[in-house]
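In the working numbering, the protein residues as written are 25 to 89. Glycine included, C-beta positions come from ideal geometry on N, C-alpha and C.
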């Protein structure tokens with residue numbers, strides 16, 4: 025039986041990771057250390073782009089069904 029799941033493990037992990045990134049952003053921005061803050065924001069941006077592209081693909085698949 026071929027099970028076609030829309031929300032795969034990668035999507036769920038990326039969503040949970042994004043929540044932790046947002047919580048951690050409060051503490052990291054409070055430290056005012058740019059050497060930690062800039063890579064952290066870049067990593068957050070990459071994760072957000074992944075979630076955005078995945079959401080577009082999910083909506084595109086819903087339109088085709």
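Same chain, Cβ closer than 8 Å to residue i, five either side skipped, listed in chain order
{"i": "residue 75", "result": "35, 38, 39, 42"}
Spatially closest choice to residue i from the options, by CA coordinates
{"i": "residue 33", "options": "68, 78, 45, 49", "result": "78"}
{"i": "residue 45", "options": "59, 56, 67, 58", "result": "67"}
Residues of its chain near residue i, where Cβ-Cβ distance is below 7 Å and the 5 sequence neighbours each way are ignored
{"i": "residue 55", "result": "none"}
{"i": "residue 71", "result": "38, 41, 42, 45"}
Beta-carbon spacing of residue i, residue j below 9 Å
{"i": "residue 64", "j": "residue 47", "result": "no"}
Through-space distance from residue j to residue i, alpha-carbon basis
{"i": "residue 87", "j": "residue 62", "result": "38 Å"}
{"i": "residue 96", "j": "residue 69", "result": "Limits of the chain in this structure are 25 at one end and 89 at the other, which puts residue 96 out of reach."}
{"i": "residue 58", "j": "residue 49", "result": "12 Å"}
{"i": "residue 25", "j": "residue 80", "result": "Bear in mind that the predicted position of residue 25 carries a pLDDT of just 44, short of 50, making it too unreliable to give a figure here."}
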